[in-house]
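Here's the structure, in structure tokens; my notes come after.
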DNA sequence: CCATAAAATGAGAGTAAGTGTCAAATCATA
DNA sequence: TATGATTTGACACTTACTCTCATTTTATGG
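Chains as they are written, first to last, in the working numbering: chain A, 4 to 204; chain B, 4 to 204.
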């Protein structure tokens, strides 16, 4: 994937980090998020509790990684400038999600499940979405030549982010569905609706 | 405001509750949110720490009251059915905010300031917005006759919520502005843009 | 291969939020 | 005023998270 920057030290750190996350995820699924203590996770990953907090600032941060936002921004920037903003975002979404492997997909599914179930996590995920909103506004501003704070840019950025939020699981869902590729079809369709002025018929 | 159901006991409880919130707000502004302890708040309000948690499940909940959502829903429902959904929401917003007194306005300003500054609070406020999104979808579903889970309803609801989020302070703002009546003009304008298909010119 | 600097780790003490229990104080009602 | 129901305070406990300091582990130059 990314270049191999690995000097023994880096490798160990990456391994510890991964071990912490994996054991945490496993324990969360086995016993629930709240009743899994940081000490348990640290012990499972064979590090001291102190070390845990050197890798993750909080228990929540274990599953609050979101590597996709920068990828998406990049993909949007790569769209030809004559494509209107929302359409550019739609295409970028499709491109990025086309590259996702089954494994990543599966781990993302487990992550989303936790985000949906644990309120503290949902809240923080929600907050990340607000950060994403600002990113979206930036790329829209770039493509339109308008300042990022312009109300038209904010409105469009907000609408895009809102549609994503409303259609993707963390935005509630009926609780059952576990996040499937088809959800992203829905997402792209939702942005299509937005582009067409939100027709109701 | 509300009817007076008050039997001495209820009055005392209401007073304690108010005292806790007011002293908390004061202390937060004086010393910051993080460095104000629950014990300090309890002491200032002259109750025991145990009692504090009987009134508020957590420190965060002290400032996470949001009384407006139900009012807004009601105001939307009161709009004549031929008014299209987004326009109905716009009108409801205007009506509700027109009734807000200066005092309420001022306390809301202080509240918003905290919500903007303290990350944990921002996260939870964000999450409330997700709840609001579902409410919005419900009223849209009512007005259109579509099921609440329909993608067109979700897309529109998401867009509306997103526009609100992008334009109102908790959605970041340039940091400076303290929340003014003019912000609501912006909000109404933003929804107007959405209604018009998000024109950029 | 060794000495030394730099980085990572572990141990332990401490703070503060939040929970649960139980006895004492306060209010309601006859 | 007596009785029952609520509310309260005191206390002990768990857990997330912070800080400090000594020890270990990795990197590097001779």
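Virtual Cβ for every residue (Gly too), placed ideally from N, Cα, C.
Everything numeric in this text was worked out from a predicted model, so none of it was measured.
Asked, Found
"Any chain A beta carbon closer than 9 Å to residue 89 (chain B)", "yes"
"Backbone secondary structure at residue 85 (chain B) - three-state DSSP", "coil"
"The stretch 125-133 of chain A contacting the stretch 22-40 of chain A, beta-carbon criterion three pairs below 8 Å", "no"
"Short CB-CB distance (under 9 Å) between residue 161 (chain B) and chain A", "yes"
"Closer than 8 Å: residue 149 (chain A) CB and nearest the ligand PLP heavy atom", "As far as ligands go, the structure on display features none, and thus does not contain the ligand PLP."
"Where residue 25 (chain B) sits in the DSSP three-state scheme", "helix"
"7 Å Cβ shell around residue 100 (chain A) - same chain, five flanking residues per side excluded", "187"
"Same chain, Cβ closer than 8 Å to residue 23 (chain A), five either side skipped, listed in chain order", "44, 45, 48, 50, 55, 58, 59 and 65"
"Any C-beta of chain B under 9 Å from that of residue 93 (chain A)", "no"
"Nearest residue (CA-CA) to residue 132 (chain B), options B:146, B:111 and B:171", "B:171"
"Close Cβ partners of residue 193 (chain A) (< 8 Å) along its chain, the five nearest in sequence each way excluded", "166, 167, 169 and 170"
"Three-state class that DSSP yields for residue 178 (chain B) in the structure shown", "Residue confidence is low: residue 178 (chain B) scores 47 on pLDDT, short of 50, so the model does not pin down where it sits. Its coordinate-derived value is still stated next. It is coil, neither helix nor strand."
"Expected contact under 8 Å - CB spacing of residue 117 (chain A) and residue 31 (chain A) to nearest Å", "6 Å"
"Span separating the alpha-carbon of residue 19 (chain A) from that of residue 77 (chain B)", "53 Å"
"Cutoff 8 Å; reference residue 102 (chain B); Cβ partners in own chain excluding five residues on either side", "none"
"Chain-ordered chain B contacts of residue 66 (chain A) [CB-CB under 8 Å]", "Within 8 Å Cβ-Cβ: nothing; residue 66 (chain A) doesn't reach chain B, min ~14 Å."
"Buried/exposed call for residue 88 (chain A), threshold 16 Cβ in 10 Å", "buried"
"Residue environment, residue 158 (chain A), which counts as buried when at least 16 other CB atoms sit within 10 Å", "buried"
"Range covered by the alpha helix (DSSP H) that runs through residue 37 (chain A)", "Where residue 37 (chain A) is concerned, there is no enclosing alpha helix (DSSP H), given that its DSSP letter is neither H nor E."
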